[in-house]
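With this note's numbering as the guide, the letters of the sequence shown map in order to residues 70 to 465. We treat Cβ as the ideally placed atom computed from N, Cα and C, and that holds for glycine. Working notes, beginning with the structure itself.
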Amino acid sequence: MTTAERDLGTEGLEWLAGEGREHEIVLSTRVRLARNIQGMPFSSRAGTDERQRVLERVRGSLSDVENLPDPALWRMDGLEPVDRRVLLERHLVSRDVAGPDEGEAPPAAALVLGGEGRSGVTRGLLVNEEDHLRLQTLVSGLQLESAWEEVDALDDEVGDRLPYAFHHEFGYLTSCPTNVGTGLRASVLIHLPGLVLTKEINKVLQGMSQVGITYRGLFGEGSEVVGNFFQISNQTTLGKSESDLIDHLGKIVDQVIEYEQRARGVLLKEAPGVMEDKVWRAYGILRHARSLSFDEMMNLLSGVRLGLTLKLLPTPRVLTLNKIMVLGRTAHLEREAGRSLDEGDADERRAAFVRELLAADEDRAAAAEPDSPPESDGRDDASPVAGDSDDSDDEQ
70 MTTAERDLGT
80 EGLEWLAGEG
90 REHEIVLSTR
100 VRLARNIQGM
110 PFSSRAGTDE
120 RQRVLERVRG
130 SLSDVENLPD
140 PALWRMDGLE
150 PVDRRVLLER
160 HLVSRDVAGP
170 DEGEAPPAAA
180 LVLGGEGRSG
190 VTRGLLVNEE
200 DHLRLQTLVS
210 GLQLESAWEE
220 VDALDDEVGD
230 RLPYAFHHEF
240 GYLTSCPTNV
250 GTGLRASVLI
260 HLPGLVLTKE
270 INKVLQGMSQ
280 VGITYRGLFG
290 EGSEVVGNFF
300 QISNQTTLGK
310 SESDLIDHLG
320 KIVDQVIEYE
330 QRARGVLLKE
340 APGVMEDKVW
350 RAYGILRHAR
360 SLSFDEMMNL
370 LSGVRLGLTL
380 KLLPTPRVLT
390 LNKIMVLGRT
400 AHLEREAGRS
410 LDEGDADERR
420 AAFVRELLAA
430 DEDRAAAAEP
440 DSPPESDGRD
450 DASPVAGDSD
460 DSDDEQ
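What follows is the structure in structure tokens.
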């Protein structure tokens, strides 16, 4: 296994592909499994030496895992603070694994990613987070069944190499009681501006909580909702099979999408002019602003994403919006700049980055447009000029 030899570059960004079912509303689907190694203290009670032993056992077991080809391991205590924050911004590690920016040393934890992921799929695992292992698959769009199959296959292979802590009655044993059983947590990152604007969102969120579904903000537990993005996931894992949990979440998400589409229809029907003005204003600011805070960027992206799905804007692509949402965050801007940025510098660089990507999409769209037809000379266009039959429209 490669250890910190691959540059972070675009590692783990396959899930931004802008594809998969309902990809205009659902940015991504994640399925992760919490696992602990039999006979080793849980991470919450493990000392530094015990955590190191877990890391070594994992590193020695993953070199030939078919479902994690060409794996690379990044130790948090071997990365610069900005690189750990980059991984957090890419939704590949938790705040606990990323550790503090300065001062206190980061935990003896690591991220492992496969190096040959197929389009739209990011596969890997976290070592020494809340549990010894968090196997995870992150895919573009709404693909719960596919994400589950990917991580299940990875779990089978890793479980053949590392004995898991398992109880015949309770299932997989985990640090947190809510993960005991299957250890499965499935979630979707979903964009719900219609429900927010029609003030129906609280009703929908309360309804989800009554059927065992919870929500979080953009960066998971404890984070705020930004840009009308919500992480929706199952609440418990005990007492149901993995397929039952996946199926239940999928049905709830489909209902939420239906509510969201209905709310968008209401907005477009009752206030079409207001909606068109809102999305074009958002696009105009993003396209020309010289300074953008992260929150402002996310709120404007929400409007543009809504306008794109309502066919009120010709560009940009969903892929471009996904890239801006992640790569326009502060740690990514600092890594690109090669230095720390104060708030003003970060906001200026963010605005420049957004302008560049949106302009590139406009140019791409313009280049893809067919050439304008020549002006009519008064003759019947359906009848080719004698001698030019090989170039007629009917044969092109």
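Nonlocal neighbours in the same chain, by C-beta distance under 6 angstroms from residue i, ignoring five residues either side
i: S188; result: A86
i: A234; result: N105, Q107, L242
i: W217; result: V100, I315
i: L202; result: R104, L194
i: T206; result: V100, R192, A216, E219, V220
i: D224; result: L102, L204
i: V134; result: E226
i: N136; result: A222, L223, E226
i: L318; result: A255, N303
7 angstroms Cβ shell around residue i - same chain, five flanking residues per side excluded
i: G89; result: G189, V208, S209, G210, L211, Q212
i: A125; result: Checking the displayed sequence, the identity of residue 125 turns out to be Glu instead of Ala. Within the same chain, E125 has no close Cβ partners at all.
i: K347; result: G372
i: V423; result: L355, L361, M366, I393, G397
i: D146; result: A174, P175, A177
i: A420; result: A358, R359, S360, L361
i: E339; result: none
Limits of the alpha helix (DSSP H) - the one that residue i falls within
i: T117; result: 117-128
i: S371; result: 363-378
i: N271; result: 270-278
i: I94; result: I94 -> no alpha helix (DSSP H), and no H or E assigned at all.
i: R154; result: 150-158
i: S132; result: It is not in any alpha helix (DSSP H) - S132 carries neither H nor E in the DSSP assignment.
i: Q330; result: 311-339
i: H401; result: 399-406
i: V257; result: Taken as a continuous stretch (DSSP letters only), V257 belongs to no alpha helix (DSSP H), being part of the beta strand (DSSP E) at 253-260.
i: G228; result: 213-230
i: P167; result: It is Ala, not Pro, that sits at residue 167 in the sequence shown. Counting along the chain, the alpha helix (DSSP H) containing A167 begins and ends at 164-167.
Whole-angstrom distance between residue j and residue i, CA atom to CA atom
i: C35; j: R356; result: This structure leaves residue 35 out entirely; the chain is present only between 70 and 465.
i: P169; j: I393; result: 25 angstroms
i: Q275; j: N303; result: 14 angstroms
i: Q121; j: M366; result: 40 angstroms
i: S112; j: E438; result: 56 angstroms
i: R408; j: S278; result: 43 angstroms
i: D430; j: G281; result: 41 angstroms
i: V295; j: V249; result: 30 angstroms
i: L261; j: L96; result: 11 angstroms
i: W84; j: G228; result: 25 angstroms
i: T378; j: G263; result: 11 angstroms
i: G78; j: S163; result: 19 angstroms
i: L375; j: W349; result: 11 angstroms
i: K320; j: L131; result: 35 angstroms
i: M344; j: L156; result: 35 angstroms
i: E198; j: L410; result: 29 angstroms
i: A435; j: R418; result: 26 angstroms
i: R404; j: L161; result: 17 angstroms
i: G116; j: F299; result: 35 angstroms
i: E329; j: K380; result: 16 angstroms
i: T283; j: I301; result: 6 angstroms
i: E93; j: P383; result: 14 angstroms
Simplified DSSP assignment, three categories, for residue i
i: A86; result: coil
i: I393; result: helix
i: S112; result: helix
i: R144; result: strand
i: N136; result: coil
i: R104; result: strand
i: A420; result: helix
i: V295; result: coil
i: G81; result: coil
i: H236; result: strand
i: R99; result: strand
i: G308; result: coil
Neighbourhood of residue i by C-beta, 8 angstroms cutoff - its chain only, sequence neighbours within 5 removed
i: P232; result: I106, Q107, G108
i: L426; result: P385, T389, K392, I393
i: L266; result: A332, L336
i: T251; result: L102, G240, Y241, T306, L307, K309, S310, E311, L314
Residue i: first and last residue of the uninterrupted beta strand (DSSP E) it sits in
i: T191; result: 190-196
i: M181; result: Here the sequence assigns Val to residue 181, which means Met is not the residue at that position. 179-182 is the span of the beta strand (DSSP E), which, as asked, contains V181.
i: F298; result: 298-303
i: S244; result: Segment: none, S244 is in no beta strand (DSSP E) and carries neither H nor E.
i: V208; result: 202-209
i: R285; result: 282-285
Chain D contact for residue i (CB, 7 angstroms cutoff)
i: L388; result: Looking for chain D here will not work: only one protein chain is present.
(message) For the stretch 146-165 against the stretch 395-410, do three or more pairs of beta-carbon atoms, one drawn from each stretch, fall closer than 8 angstroms, so that the two count as touching?
(response) yes
(message) Is it the case that the stretch 254-269 contacts the stretch 320-328, given that we only count it when at least three CB pairs across the two stretches are under 8 angstroms?
(response) yes
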